[in-house]
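Beneath this line is the structure, given in structure tokens, with notes to follow.
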Amino acid sequence: MTISTTSARDRGARLLADRRLPVLVTGALFALMYGFGLFRYQAYGFIDAQVFMNLFIDNGYLLVAAVGATFVILSGGIDLSVGSVIGFTTMLTAWLVEKQHVSVILVIPIALAVGAFGGYLMGYVIHHFEIQPFIVTLAGLFLFRGLCLVISKESISVTDPTVSTLATTHLTFPGGAFLSIAAVVSLVVLAVAFYVLHYTRFGRRVYAIGGNEQSALLMGLPVGGTKIAVYTVSGFCSALAGLLFTLYIQSGDPLHAVGLELDAIASVVIGGTLLTGGSGYVFGTLFGVLVLGLIKSIIQFEGTLSSWWTKIATGVLLFAFILIQRAMTARRER
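Mind the numbering: the sequence shown is residues 56 to 389 in the numbering used here, read in order.
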């Protein structure tokens, strides 16, 4: 074996051992895809700054939901109730505002409290009854989707002027490009999550539990309380995503956000967070959401492709990133 071959293998081993690798790959993939869009569709306005801003406007609610899912997955868990909580929040909001004539100012904290409480209950059951998160959150999925139908089997349009005003309010930048209020809120949530995960004790506990729960217990960390807290955060983020989705779609419907939990999980995984927990970055989740949003945009600009290609492309990317994760974890186990 030559020295150059050995050196190449060492570099490859160091690269696989770098926890930043998945995030860097996702960031590079986004840049490559965006560059492809600029080259291929420049005559159709892809170069317009508003096209980039639309990635945040059209996917703000998904970003918030994915941020909540990031907390759960970093701790080594999973939350399948995300989409149902979002759908239930749209129904609850629409019903309270339109049918019960409750002020939006009161509806917002009510919806957030319900979502956070639902997440708390699931976390409590997972920890105290030692049941797999998959089963508990699957039960939560069916529960919240069923509650949507209890409120109404039909769609409820939201015509409240306050909601309409919030939905149409924009933050305008020089040049005319703008972001919606929902997009701004999603970026604020991202910034808060980044600070919490990387600069607080709670964030360090989440990483520690996801890395090795038994070691975290031996270190005296409050594993149970942290587990419950991450599901509470996920429930809160799902409810907030539901409120943002209500602004985006201006209606409540029992079928809103069906399957969105899978998009949220896909965004987290594509963003580089290990499914086994303990490793990942919330900014990687942002890139994961942007990549999925960019796939939709490219398909729309292409004009000849079915929307199902979004699912196909997402599946291919998930498969690729799972292989990268497996290579990284296998290297660390040696």
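The C-beta atom is built at its ideal place from N, Cα and C for all residues, glycine as well.
Determine the DSSP secondary structure at residue 214, reduced to helix, strand or coil.
Position 159 of the sequence shown, counted from the start, is the residue given in the question as residue 214. Three-state result, residue 214: coil.
Compare the C-alpha of residue 296 against each of 246, 160, 135, 119 and name the closest.
Taking the sequence shown and counting its residues from 1, the one referred to as residue 296 is at position 241. Taking only the C-alpha atoms, the option nearest residue 296 is 119.
Just the C-alpha distance for residue 359 and residue 337, rounded to the nearest angstrom, thanks.
Here residue 359 corresponds to residue number 304 of the sequence shown, with the count starting at 1. Here residue 337 corresponds to residue number 282 of the sequence shown, with the count starting at 1. Looking at the two C-alpha atoms, the distance is approximately 34 Å.
Mapping DSSP to helix, strand and coil, what is residue 310?
The residue you call residue 310 lines up with position 255 of the sequence shown. Three-state DSSP puts residue 310 in coil, outside helix and strand.
DSSP three-state call for residue 235: helix, strand or coil?
For the purposes of this step, residue 235 is identified with residue 180 of the sequence shown, where counting begins at 1. Looking at residue 235 - three-state DSSP - the assignment turns out to be strand.
I believe residue 146 touches residue 206 by the beta-carbon criterion, under 8 Å. Please report the beta-carbon distance rounded to the nearest angstrom.
As a working note, residue 146 is residue 91 in the sequence shown. As a working note, residue 206 is residue 151 in the sequence shown. Yes, they are in contact, since the Cβ atoms of residue 146 and residue 206 sit about 5 Å apart, within 8 Å.
Would you identify the three-state DSSP class for residue 359, choosing helix, strand or coil?
On the sequence shown, residue 359 is found 304 positions in, with the first residue counted as 1. It is coil, neither helix nor strand.
Between residue 307 and residue 149, is the Cβ-Cβ spacing less than 8 Å?
Here residue 307 corresponds to residue number 252 of the sequence shown, with the count starting at 1. Here residue 149 corresponds to residue number 94 of the sequence shown, with the count starting at 1. Yes, the pair counts as a contact, with Cβ atoms nearer than the cut-off.
Determine the contact status of residue 290 and residue 175, defining contact as a CB-CB distance below 8 Å.
For the purposes of this step, residue 290 is taken as residue 235 along the sequence shown, with counting starting at 1. For the purposes of this step, residue 175 is taken as residue 120 along the sequence shown, with counting starting at 1. Yes. Within cutoff.
Helix, strand or coil: how does DSSP classify residue 225 here?
What you label residue 225 is simply residue 170 of the sequence shown in a count that begins at 1. Residue state, collapsed to three classes: strand.
Among the residues of its own chain, which have a CB less than 7 Å from the CB of residue 101, if the five just before and after it don't count?
Numbered from 1 along the sequence shown, position 46 holds the residue referred to as residue 101. Excluding residues within five positions, the ones whose Cβ falls inside 7 Å are 92, 93, 356.
With contact counted as at least three CB pairs below 8 Å, one residue from each stretch, are the region 117 to 132 and the region 320 to 337 in contact?
Counting Cβ pairs under 8 Å, three or more are found: they touch.
Looking only at its own chain, which residues have a Cβ that is under 8 Å from the Cβ of residue 263, when we skip the five neighbours before and after it?
Locating residue 263 in the sequence shown gives position 208, where the first residue counts as 1. Same-chain partners within the cutoff: 270, 271, 274, 276, 333.
Is the Cβ-Cβ distance between residue 398 and residue 335 less than 8 Å?
In the structure as shown, the chain begins at 56 and stops at 389. Residue 398 is therefore absent and cannot be evaluated.
Relative to the C-alpha of residue 49, which candidate in 143, 185, 189 has its C-alpha closest?
The requested residue 49 is not part of the displayed model; the chain covers only 56 to 389.
Can you find the residues in the same chain that come closer than 8 Å, C-beta to C-beta, to residue 251, ignoring five residues on each side of it along the sequence?
Your numbering for residue 251 matches position 196 in the sequence shown. 257, 258, listed in sequence order.
Within 10 angstroms of the Cβ of residue 380, are there 16 or more other Cβ atoms? Answer buried if so, exposed if not.
Counted from its first residue, the sequence shown places residue 380 at position 325. So residue 380 ends up on the buried side.
Using the Cα positions of residue 190 and residue 383, report the straight-line distance between them to the nearest angstrom.
Sequence index remark: in the sequence shown, residue 190 carries index 135 (1-based). Sequence index remark: in the sequence shown, residue 383 carries index 328 (1-based). Roughly 28 Å between the two C-alpha positions.
Under the assumption that residue 199 contacts residue 139 (Cβ atoms under 8 Å), give the Cβ distance between them as a whole number of angstroms.
Working through the sequence shown from its first residue, we reach residue 199 at position 144. Working through the sequence shown from its first residue, we reach residue 139 at position 84. Contact holds; Cβ gap of about 4 Å.
Here's the rule I'm using: 16 or more other beta-carbon atoms within 10 Å means buried, otherwise exposed. How should residue 216 be labelled?
Within the sequence shown, numbered from 1, the residue matching residue 216 stands at position 161. So residue 216 ends up on the exposed side.
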